[in-house]
Amino acid sequence: MDTVASNQELIALAIDDSEDWIQIRTPDGSIGWMASFLIQFDSEDDRQTLLDIIRELQELDRDALIALYNATDGDNWRNNTNWLDGDPCTNNWYGVTCIGERVTELRLADNQLKRGNIPNQIGNLTNLEYLNLSDNQLSGNIPNQIGNLTNLIGL
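Position one of the sequence shown corresponds to residue 1017 (my numbering), numbered consecutively onward.
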């Protein structure tokens, strides 16, 4: 695989996929897109491998959000608009903000999350910058996996 830029971390992604190349844009906080990289491939296998990695990261985000929903009685939240409906980024799940196709903010303050612990899967939201679960009825310990949220700016 030949890349225009090497060793770039796939922090948050917007993907434009064509037959011969993939464009990946990485964000610069709230300012906007910092860079755009075109990746050209020597083989279809290389191209497919990268797409599989990107889709796996997106699936980990979705699974973490679903685990939170299930652990905190999501059916009875004050607002659960679009939750569990397709992709959280493209379907605008209430309280979820994305850059590209990765979850960067989760703001569910005062939304009647109850009866449960924050699930360990929360640590899979590796692009999360803001997390607000205040003023809910959560119980138990904060999971150690929250330490995986190295991009977290606000809690």
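Ideal Cβ positions, reconstructed from N, Cα and C, are used throughout, including at glycine.
Query                                                                                                                                                                 : Result
By Cβ distance below 8 Å, which residues in the same chain neighbour residue 1150 in space, the five residues on each side in sequence not counted?                   : 1125, 1126
Rounding to the nearest angstrom, what Cα-Cα distance links residue 1145 and residue 1163 in this structure?                                                          : 13 Å
Report, in whole angstroms, the separation of the C-beta atoms of residue 1140 and residue 1156, which I expect to be a contact under 8 Å.                            : That belief does not hold up - the Cβ atoms of residue 1140 and residue 1156 are roughly 18 Å apart, past 8 Å.
List the DSSP bridge partners of residue 1153.                                                                                                                        : 1130
Please identify the residue among 1108, 1064, 1120, 1098 whose C-alpha is closest to the C-alpha of residue 1166.                                                     : 1120
Spell out a yes or no on whether the stretch 1054-1073 and the stretch 1091-1110 are touching, meaning 3 or more CB-CB pairs, one atom from each, closer than 8 Å.    : no
Applying the criterion that 16 or more other CB atoms from any shown protein chain within 10 Å of the CB defines a buried residue, is residue 1060 buried or exposed? : exposed
Given a cut-off of 8 Å, decide if residue 1147 and residue 1171 are closer than it, judged by their beta-carbon atoms.                                                : yes
Which same chain residues, not among the five before or five after residue 1138, have their C-beta less than 7 Å away from its C-beta?                                : 1080, 1084, 1159, 1161, 1162
Using 8 Å for Cβ pairs, my map puts residue 1112 next to residue 1122. What's the rounded Cβ distance?                                                                : 6 Å
Among 1152, 1117, 1128, 1129, which residue has its Cα nearest to the Cα of residue 1076?                                                                             : 1117
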